[in-house]
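To keep things clear, I will list the structure first and then write my remarks on it.
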Amino acid sequence: MPEVKVTPKDFFMQLGAVVGLYVSAVSLLQLLFQVINYAFPDALDYYVDPYSAGVRWSIAMLLIMFPAYLLLQWAIERDVRVQPLKKQLWIRRWLSYLTLFVAGLTIAIDLVVLVNSFLGGEISSRFLLKVVAVLIVAGGVFGYYIYDLRREAGAKVKGLRTFATASLVFVLTSLVGGFLVMGSPTTARSMRFDDQRINDLSVIQSQVVYYWQRTQKLPENLEALKDPLTGFVVPTDPQTNAPYEYETTGTLAFKLCATFTLPSDASFSKATRATPYPAMPYGAIDANENWKHVAGKTCFDRTIDPKLNALPTKY
Numbered sequence: 001m002p003e004v005k006v007t008p009k010d011f012f013m014q015l016g017a018v019v020g021l022y023v024s025a026v027s028l029l030q031l032l033f034q035v036i037n038y039a040f041p042d043a044l045d046y047y048v049d050p051y052s053a054g055v056r057w058s059i060a061m062l063l064i065m066f067p068a069y070l071l072l073q074w075a076i077e078r079d080v081r082v083q084p085l086k087k088q089l090w091i092r093r094w095l096s097y098l099t100l101f102v103a104g105l106t107i108a109i110d111l112v113v114l115v116n117s118f119l120g121g122e123i124s125s126r127f128l129l130k131v132v133a134v135l136i137v138a139g140g141v142f143g144y145y146i147y148d149l150r151r152e153a154g155a156k157v158k159g160l161r162t163f164a165t166a167s168l169v170f171v172l173t174s175l176v177g178g179f180l181v182m183g184s185p186t187t188a189r190s191m192r193f194d195d196q197r198i199n200d201l202s203v204i205q206s207q208v209v210y211y212w213q214r215t216q217k218l219p220e221n222l223e224a225l226k227d228p229l230t231g232f233v234v235p236t237d238p239q240t241n242a243p244y245e246y247e248t249t250g251t252l253a254f255k256l257c258a259t260f261t262l263p264s265d266a267s268f269s270k271a272t273r274a275t276p277y278p279a280m281p282y283g284a285i286d287a288n289e290n291w292k293h294v295a296g297k298t299c300f301d302r303t304i305d306p307k308l309n310a311l312p313t314k315y
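Residue numbering for the sequence shown follows full-length UniProt numbering, starting at 1 and increasing by one per position.
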């Protein structure tokens with residue numbers, strides 16, 4: 001059997017296809033995990049990414065890398081049909097067996113984790129769905145490469161088309177789930193504006209506390225917070241540039257108001273505090289519960305605790 005040399009084109013096409021496969025598989029699993037986490041929230045998760053950054057990255061990678069993988073595989077199969085001996089290229093066989101090893105190892109580890117969790121009594125719907133997702137993705141890759149290694153060069157590509165169609169449908173379905181979790185780009189932008197409003201109110205709150213620490217009284221308005229020495233300038237609404245609302249409601253109480261585009265996600269907080277609680281410097285209170293809001297104008301009542309916010313005693 002004459003030996004077929006590996007050309008630079010063959011090398012990089014084979015390498016590119018495997019890289020595209022690995023990136024697509026990892027991104028698909030990350031996307032599925034995020035969708036499962038969203039559908040089956042864990043009561044012990046005290047933080048949920050409000051912008052679905054993991055979902056965005058997974059979708060972006062899949063939208064680019066998966067079509068690239070399919071395109072490279074199509075080009076490789078076209079070359080094999082023209083030159084059947086290219087199916088025996090060492091780079092192709094090495095990468096195929098490497099992929100089989102990785103997929104098989106992933107399945108084995110997945111099953112070990114499943115059995116270990118079952119023995120520890122930690123089985124849940126969320127966990128089982130993630131195990132099934134890994135088995136489907138890794139099993140699909142393993143089955144395809146077993147088929148590819150066993151089939152004869154120049155054989156009908158019906159099996160390849162079936163794999164491509166099934167994987168495309170599965171990926172598209174996962175992408176739809178990802179978009180449902182993430183929302184539209186317009187929604188994501190609105191969430192970022194709302195987050196900036198929360199950050200601004202947090203800064204203003206801390207400045208009010210610092211003002212009280214220095215003067216033992218609350219500022220009459222936000223203009224009183226301007227400090228030429230530190231260069232502090234009171235922030236305004238990032239979208240409309242309108243000033244935030246501030247009002248004193250007592251000797252040690254005040255409220256801050258802003259107009260939000262969207263309601264804060266209910267999953268951000270584990271409890272709702274109905275009464276005012278001590279105002280603290282920026283970052284000292286859990287932001288998820290501290291700034292829960294509805295769409296539209298929302299006011300946050302704050303009360304300064306003299307003991308909690310007193311300046312340290314000088315020795």
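Note that beta-carbon positions come from the ideal geometry of N, C-alpha and C, so glycine has one too.
Every value quoted in this text rests on a predicted model; they were computed, and no experiment measured them.
Run through DSSP, which three-state label would Leu256 get? Looking up residue 256 in the sequence shown gives position 256. Correct three-state label for Leu256: strand.
Can you name, in chain order, every residue of its own chain whose Cβ lies under 6 angstroms from the Cβ of Asp286, other than the five neighbours on each side? Position 286 of the sequence shown, counted from the first residue, corresponds to residue 286. Low confidence applies to Asp286: its pLDDT is 41, below 50, so where it sits in the model is not reliable, and the reading given next is rough at best. In its chain, beyond the 5 residues on either side, no residue has a beta carbon closer than 6 angstroms to the beta carbon of Asp286.
Within the segment 55-141, ranges of the alpha helix (DSSP H) (whole runs, at least 4 residues): For secondary structure counted as the alpha helix (DSSP H) over 4 or more consecutive residues, the segment 55-141 holds these complete runs in sequence order: 90-119.
State the beta-bridge partners of Glu245 as determined by DSSP. Here residue 245 refers to the residue found at position 245 of the sequence shown. Glu245 is bridged to Cys257.
Looking only at C-alpha atoms, which of Leu32, Phe40, Ala75 and Met65 sits nearest to Gly54? Indexing the sequence shown from 1 puts residue 54 at position 54. Looking at the Cα atoms, Leu32 is the closest of the given residues.
In whole angstroms, give me the CA-to-CA distance for Leu218 and Lys307. Start at 1 with the first residue of the sequence shown, and residue 218 comes out as number 218. Start at 1 with the first residue of the sequence shown, and residue 307 comes out as number 307. Using only the alpha carbons, I get a separation of about 16 angstroms.
Beta-carbon proximity check, Thr236 vs Pro228, cutoff 8 angstroms: Start at 1 with the first residue of the sequence shown, and residue 236 comes out as number 236. Start at 1 with the first residue of the sequence shown, and residue 228 comes out as number 228. For the pair Thr236 and Pro228, the CB atoms are not nearer than the 8 angstroms cut-off.
Own chain, CB closer than 8 angstroms to Leu89, minus 5 neighbours either side, in chain order: The sequence position of residue 89 within the sequence shown is 89, counting from 1. Taking Leu89 as the centre and dropping the five residues before and after it, the same chain places the C-beta of Val4, Val6, Asp10 and Gln14 closer than 8 angstroms to its C-beta, in chain order.
Closest by C-alpha distance to His293, when choosing among Ala258, Asp305, Arg302 and Ile304: For the purposes of this step, residue 293 is taken as residue 293 along the sequence shown, with counting starting at 1. Checking every option, the nearest Cα to that of His293 belongs to Ala258.
Under the three-state DSSP convention, the category Asp301 falls into: What you label residue 301 is simply residue 301 of the sequence shown in a count that begins at 1. Reduced to three states, the DSSP call for Asp301 is strand.
So what's Phe33 in DSSP terms, helix, strand or just coil? For the purposes of this step, residue 33 is taken as residue 33 along the sequence shown, with counting starting at 1. The answer is helix: DSSP assigns Phe33 an H, G or I state.
Give me the Cα-Cα distance between Met62 and Leu225, rounded to the nearest whole angstrom. On the sequence shown, position 62 is the one that residue 62 refers to. On the sequence shown, position 225 is the one that residue 225 refers to. First, the residue type needs correcting, since residue 62 is Leu and not Met in the sequence shown. Approximately 48 angstroms, taken between the alpha carbons.
Starting from Asp227, follow its DSSP beta bridges and name the residues at the other end. Residue mapping note: residue 227 aligns to position 227 of the sequence shown, counting from 1. Bridge partners of Asp227: Phe232.
Could you spell out where the alpha helix (DSSP H) holding Phe40 opens and where it closes? The sequence position of residue 40 within the sequence shown is 40, counting from 1. Unbroken run through Phe40: none, as it is neither H nor E.
Could you pull the DSSP bridge partners for Gly296 from this structure? Taking the sequence shown and counting its residues from 1, the one referred to as residue 296 is at position 296. BP columns for Gly296 point to Phe260.
From the DSSP output, in three-state form, read off Gly20 for me. For this step, residue 20 is matched to residue 20 along the sequence shown. If DSSP states are grouped into helix, strand and coil, Gly20 belongs with the helices.
Under 8 angstroms between the Cβ atoms of Leu105 and Ala17? Reading the sequence shown from its first residue, position 105 is the one you call residue 105. Reading the sequence shown from its first residue, position 17 is the one you call residue 17. In this structure, Ala17 does not lie closer than 8 angstroms to Leu105 by Cβ.
Between Glu247 and Phe254, which are expected to be in contact by the criterion C-beta below 8 angstroms, what is the C-beta distance as a whole number of angstroms? Position 247 of the sequence shown holds residue 247. Position 254 of the sequence shown holds residue 254. For Glu247 against Phe254, the beta-carbon gap comes to about 7 angstroms, under 8 angstroms, which counts as contact.
With C-beta atoms as the reference, is Leu70 less than 8 angstroms away from Ser174? Looking up residue 70 in the sequence shown gives position 70. Looking up residue 174 in the sequence shown gives position 174. Not a contact, by the Cβ cut-off of 8 angstroms.
How would you write the range of the alpha helix (DSSP H) that Ser202 sits in, first residue to last? Position 202 of the sequence shown, counted from the first residue, corresponds to residue 202. Ser202 -> alpha helix (DSSP H) spans Pro185 to Thr215.
Apart from the five residues on each side of it in sequence, which residues of its chain come closer than 6 angstroms, Cβ to Cβ, to Arg197? By one-based count along the sequence shown, residue 197 stands at place 197. Counting only Cβ-Cβ distances below 6 angstroms, and skipping sequence neighbours, we find Ala258.
Looking at Asp195 and Leu262, is the spacing between their C-beta atoms short of 8 angstroms? Taking the first residue of the sequence shown as position 1, residue 262 is located at position 262. Taking the first residue of the sequence shown as position 1, residue 195 is located at position 195. Going by C-beta atoms, Leu262 is not nearer than 8 angstroms to Asp195.
Among residues of its own chain, excluding the 5 on either side of Arg56, which ones have a beta-carbon nearer than 7 angstroms to its beta-carbon? The count along the sequence shown starts at 1 and reaches residue 56 at position 56. Counting only Cβ-Cβ distances below 7 angstroms, and skipping sequence neighbours, we find Met182.
Environment of Ala179 [buried if 16+ CB atoms lie within 10 Å]: The residue labelled residue 179 in the question sits at position 179 within the sequence shown. The residue you asked about is not Ala; residue 179 is Phe in the sequence shown. Exposed, by the Cβ-count rule.
Just the C-alpha distance for Ser184 and Lys86, rounded to the nearest angstrom, thanks. Position 184 of the sequence shown, counted from the first residue, corresponds to residue 184. Position 86 of the sequence shown, counted from the first residue, corresponds to residue 86. Using only the alpha carbons, I get a separation of about 45 angstroms.
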